[in-house]
Every structure is written in C-alpha cells, then in structure tokens.
Amino acid sequence: MLSHTAQVLTARRALAFEQGNPLVLDNLASHFVTAEYMNIARRSDDAVHYVLMRHRVLEDYYVERAKTHRQAVILGSGFDTKFQRHAGLWQRHLEVDTHEMVAHKRDVLTRHHLSVPDFITPEGEAIEQFKQILLATDPSLPTLFLGEGYFMYFSLDHFKGFFDMAFNYYHTQPSFGFDMISDTYPQNPANRAVLERIRAAGEKVMTWCGPEVIKKYFLEKGIDVDVWFPSRLQGHYLKTKWNKEDDKYVVLAGR
Ligand SMILES: C[S@@+](CC[C@H](N)C(=O)[O-])C[C@H]1O[C@@H](n2cnc3c(N)ncnc32)[C@H](O)[C@@H]1O
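To convert, count from 1 in the sequence shown and add 55; that's my numbering.
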C-alpha cells in the first residue's frame, strides 16, 4: 500500500509550488502526485499549512547541517525530493521507507531521469528496524537524521530507544530533525477527525507528547534542542501570525 499521508503531503507541496507559495521549494513533488490527491489538496481550506512550514524548516536544517555533517538519513522519506534538488550536498544520503513506497519512488525517479538515492526498507519489530537502519550507515561520519511524519508511528519508549542507540553507534554525536504531535492535540475535535482519516487509510498514529518531555531527554544528554511551534514557524518564515492551536511542533536537536 502506498502511504496515504505521504501522498497527501506531497500533493500539498505540489499545489503550493504551483501556486508560488514562497515556503515551498519542491518543483519535483508533482511527479509523484495523482489527480485524486491533487483534488484532496485543492479542497483543503487552509491558506497556509503547518506541514509546509515543517517541511521548510527541516529542509533548511538539512542544508545548514551539511556544512558540518557528512551523512543524511531520511526516515520515512516518502516522496521527499531533497536529494534530487540538493545534488552533491552530502557524502552519503540514505532513505528509509517501506518496500512498496521505495519501489514506486524508484520507478518515478527513473522515469523522469532523476537521481536515485540509496534506500533501506527495514523489517520486524521497531527496535529491530532501528538496528537495521543504523547498520546501513557509516558510524564514522557525522550524521543527520530527519524524520518528517515518522516518529509518531512509534511509541515514545521506542523512539527514545532509537536515539539512545544512535548516540552509542556514531563516533560523533548525531543531529536530529523531526516533528511531533503535542499531547494537547487529541483534545481538539477537528484534530480527531484528521486522525480518524489517517487511521481509516490504514496508518496508525500512536504517539503524542509535550515538548518538555523531548527537551528534557536531549538536555540530559547535553544536546542542544530547539523547538519550533507553528506560531514561531509562521512568524519566522511568513512574518504573519498563526491564529490556531500550537499543538504540534518540530524539534531540531544537535550541535
Ligand atoms: C507522514 S508520511 C511522511 C513522508 C515524507 N517524510 C514527507 O514528509 O512527505 C510517513 C512516511 O513514513 C513511512 N513509514 C511509516 N512507518 C514506517 C516504518 N516503520 N519504516 C519505514 N517507513 C515508514 C510511510 O510509508 C510514509 O512514507
């Protein structure tokens, strides 16, 4: 099954690019989008989507970290196209997703004569999957992990287990960029409707947690952590005010 959420996000980027949204740099998203998913994106009433801002801040982090890091690992990469749009930025770039997503992505990239990155399609229980991901990378390279719409598919203990494992595996401290759903999110009925749609499409979102939990985890390890709520993203990127709940956020951790 192709991921419903990956297709929705890609359609949002494709539409935003078509509309000239200044946040979105993704001129390749349209290659991966069906007319059906473009219609879903068109029907949405949000003028500015958190998911676009989250994509942008993670893309800026990917470019910025390449100055000091050599290996990028994109967790749950879906139809992300940073690798194709920033050629030569990284010594090593690895993408992680399911067999079906990877097969489809390879196919589309090849058809459009675009470069195909290295992929890994981990299997088994969560911790087993994380081990396979780490073993597919080079521990001697300063490494950035980006997980956009990825960690909420695992429990809090699982993804802390993943970070712990990564800290022990690499010779230098890795950096992380990922988004999280805050624990206030499920209280909002509109958000519950979104979660129901995602679940009905066969994807289980399991984890939400307040930013203080994540901050504490990284700070106890002596790692800098920078939390970006939608209000901060919108002020920074669009110089306008976010007038909804700050119930999701992006974490940039590392130095
Ligand atoms: C919300 S989508 C995000 C896709 C992409 N990062 C983006 O922002 O457009 C989540 C992605 O994670 C992938 N995914 C979910 N669980 C996974 C797992 N256990 N291993 C690898 N990929 C997974 C899905 O197939 C999907 O492509």
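Backbone N, C-alpha and C define an ideal beta-carbon position, used for all residues, glycine too.
Remember, predicted model here, so these are calculated numbers, not experimental data.
| Query | Result |
| --- | --- |
| Considering only residues of the same chain and omitting the five flanking positions on each side of residue 292, which have a CB-CB separation below 7 Å? | 78, 108, 111 |
| With distances taken from CA atoms, which of 201, 232, 213 is nearest residue 332? | No answer is possible for residue 332: the residues shown for the chain start at 56 and end at 310. |
| By Cβ distance below 6 Å, which residues in the same chain neighbour residue 239 in space, the five residues on each side in sequence not counted? | 302 |
| Any idea if residue 104 is buried or exposed, counting beta-carbon neighbours within 10 angstroms, 16 or more meaning buried? | buried |
| What three-state label does DSSP hand residue 125 in the structure shown? | coil |
| Where do the N-terminal and C-terminal ends of the beta strand (DSSP E) with residue 258 fall, by residue? | Careful: residue 258 lies outside any beta strand (DSSP E) and carries neither H nor E. |
| Could you give the DSSP three-state label for residue 108: helix, strand or coil? | helix |
| When you compare the stretch 130-148 with the stretch 75-93, are there three or more beta-carbon pairs, one atom per stretch, that lie closer than 8 Å? | yes |
| CA-CA distance, residue 253 and residue 246? | 11 Å |
| Cβ atoms of residue 106 and residue 64: under 8 Å apart, would you say? | yes |
| Spell out a yes or no on whether the stretch 185-204 and the stretch 227-237 are touching, meaning 3 or more CB-CB pairs, one atom from each, closer than 8 Å. | yes |
| Hey, quick one: how far does the alpha helix (DSSP H) through residue 174 stretch, first residue to last? | Careful: residue 174 lies outside any alpha helix (DSSP H), inside the beta strand (DSSP E) at 173-175. |
| Give me whichever residues DSSP pairs with residue 250 in a beta bridge. | Partner(s): none; residue 250 has no beta bridge. |
| For residue 318, does the count of other Cβ atoms within 10 angstroms reach 16, so buried, or fall short, so exposed? | This structure cannot settle anything about residue 318, because the visible part of the chain is limited to 56 through 310. |
| Starting from the C-beta of residue 187, find all residues in its chain whose C-beta is less than 6 Å away, skip the five residues before and the five after it, and write them out in chain order. | 177 |
| Roughly how far, in whole angstroms, is the beta-carbon of residue 197 from the beta-carbon of residue 126, given that I think they are within contact range, below 8 Å? | 7 Å |
| Shorter than 7 Å, the distance from the beta carbon of residue 112 to the closest heavy atom of ligand 1, or not? | no |
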